[in-house]
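These notes are about the structure you will find just below.
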Ligand code: LLP
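Numbering (the numbering used here), first residue to last: 30 to 417.
See the structure below:
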């Protein structure tokens, strides 16, 4: 962690800040936003920020200054996006299980588009729109059958996943749409998974989209936009030197391989790549415990603040920012206080000698950290602090 951030955190702790807390480096977020806005803008692409990755108000207010579009998966996310400065006309609403109430709310806000995931959902949105005398703009979320080669819990583009409409269902979808007069189809939507660091699956997605587009052409259906979802991964091993993902290569790949039709616009829904590297979970060591084979560092943060390691066996870099040097130390199992064996942030983590009271930073936790917190064991929700 950079010296400036360490000093900032130490000052907070001196002033009695209570750990654990989420710490956000707003300059990292801003540099990331500048990069993604400029590089997508070069091609005329539109990026909707995926609120599910982080919906902290301060973070959202900053993001909406650079990216006015939002990708939401609940009525509350749609509401939050609009409240924090995103443009309702650039909100997409996705999700396999939208309730009637959520659909009604989004219709009232005149959002850009519903990303629809099943035939029955099309019927329900049509019904709700008819009751309001409105036409709902929809995109079909198509399951492209592309393997993202990521953790199976965050793979979404395969037929066995619950997401999207399968390609073989498309003829019946078009037939159905003819009878749904309060819907207007304006696009196609895809999303193959998350934390994708090898760009190859995105290339496969482009080729698949080209095929599907040709089929829609043969049916004489013109679509205003294609939405290829999110999923670009970040480098969890190098939070400082690789703080900004390679957006240039990512957007170039779509420009090279995805054949847009005349006047068609390409949309993205990025979450993790925008916010992950700006956040760290800050915690204190409560106890050191020397087991038969293992040294434990027991933190005051646990899976209630950050569930990713327990749920996806995910790696986060762990740093002892109190220790004077990174020099000779020990291998620690870094664990939390929750009554679950899976409450472990890392096994055999090399750390300098670590003592009660030392401050530990768990890095790259800006995405899917704070938003997935729980109050299991009746714990308090951690607060968040922001360094300009
Ligand atoms: N669009 C759709 C339809 C999605 O399902 C997702 C994420 C995104 C966009 C944004 O994906 P991103 O750019 O952030 O990869 N909790 C998990 C990740 C779940 C991702 C769910 N969908 C984790 O901590 O790794």
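Cβ atoms here follow ideal geometry from the backbone N, Cα and C, with glycine treated the same way.
Unbroken beta strand (DSSP E) run spanning residue i, endpoints
i           : result
residue 368 : Where residue 368 is concerned, there is no enclosing beta strand (DSSP E), given that its DSSP letter is neither H nor E.
residue 75  : 75-79
residue 328 : 324-328
residue 202 : Counting along the chain, residue 202 falls outside any beta strand (DSSP E), though it belongs to the alpha helix (DSSP H) covering 199-208.
residue 315 : 308-319
residue 170 : 165-172
residue 294 : 294-299
residue 412 : 412-416
residue 104 : Where residue 104 is concerned, there is no enclosing beta strand (DSSP E), although the alpha helix (DSSP H) it sits in stretches over 104-112.
residue 92  : No beta strand (DSSP E) contains residue 92, which is instead part of the alpha helix (DSSP H) from 86-95.
Length of the line joining the Cα atoms of residue i and residue j
i           : j           : result
residue 141 : residue 391 : 37 Å
residue 312 : residue 408 : 14 Å
residue 70  : residue 168 : 22 Å
residue 37  : residue 60  : 19 Å
residue 138 : residue 40  : 43 Å
residue 286 : residue 90  : 34 Å
residue 253 : residue 378 : 50 Å
residue 300 : residue 292 : 26 Å
residue 243 : residue 176 : 21 Å
residue 33  : residue 152 : 55 Å
residue 154 : residue 193 : 16 Å
residue 124 : residue 406 : 29 Å
residue 348 : residue 322 : 22 Å
residue 276 : residue 68  : 7 Å
residue 418 : residue 77  : Within the shown structure, residues of the chain are numbered from 30 to 417, placing residue 418 beyond reach of any answer.
residue 45  : residue 340 : 32 Å
residue 382 : residue 318 : 12 Å
residue 49  : residue 238 : 44 Å
residue 412 : residue 386 : 19 Å
residue 57  : residue 118 : 28 Å
residue 156 : residue 94  : 35 Å
residue 404 : residue 310 : 16 Å
residue 314 : residue 354 : 17 Å
residue 54  : residue 329 : 22 Å
residue 417 : residue 400 : 21 Å
residue 302 : residue 280 : 13 Å
Residue burial classification, residue i (beta-carbon count within 10 angstroms, cutoff 16)
i           : result
residue 274 : buried
residue 88  : buried
residue 316 : exposed
residue 249 : exposed
residue 306 : buried
residue 268 : buried
residue 51  : buried
residue 368 : exposed
residue 207 : exposed
residue 85  : buried
residue 127 : buried
residue 160 : exposed
residue 372 : buried
residue 104 : buried
residue 47  : exposed
First through last residue of the alpha helix (DSSP H) which encompasses residue i
i           : result
residue 37  : 32-43
residue 211 : Taken as a continuous stretch (DSSP letters only), residue 211 belongs to no alpha helix (DSSP H), as it is neither H nor E.
residue 243 : 229-247
residue 279 : 276-286
residue 256 : First-last for residue 256: 254-256, but that is the beta strand (DSSP E), not the alpha helix (DSSP H).
residue 381 : Segment 373-381 is the beta strand (DSSP E) holding residue 381; no alpha helix (DSSP H) there.
residue 267 : Taken as a continuous stretch (DSSP letters only), residue 267 belongs to no alpha helix (DSSP H), as it is neither H nor E.
Candidates the options: closest to residue i by CA position
i           : options            : result
residue 164 : 177, 218, 133      : 133
residue 396 : 83, 97, 404, 54    : 83
residue 173 : 33, 146, 159       : 146
residue 114 : 99, 326, 324       : 99
residue 217 : 195, 387, 209      : 195
residue 258 : 198, 96, 213, 298  : 298
residue 359 : 380, 177, 415      : 380
residue 120 : 101, 260, 130, 156 : 101
residue 364 : 394, 126, 326, 63  : 326
residue 288 : 203, 233, 212      : 233
residue 251 : 201, 155, 214, 225 : 214
residue 92  : 246, 66, 310, 238  : 66
residue 148 : 96, 94, 203        : 203
residue 129 : 190, 111, 150      : 150
residue 282 : 264, 324, 236, 294 : 236
residue 272 : 398, 304, 212      : 304
residue 73  : 350, 329, 294      : 294
Next item on the list: Kindly provide the chain-ordered list of residues whose Cβ lies closer than 5 Å to any non-hydrogen atom of the ligand LLP.
Entry: 79, 82, 123, 183, 220, 223, 258, 259, 260, 298, 299, 300, 301, 337, 397
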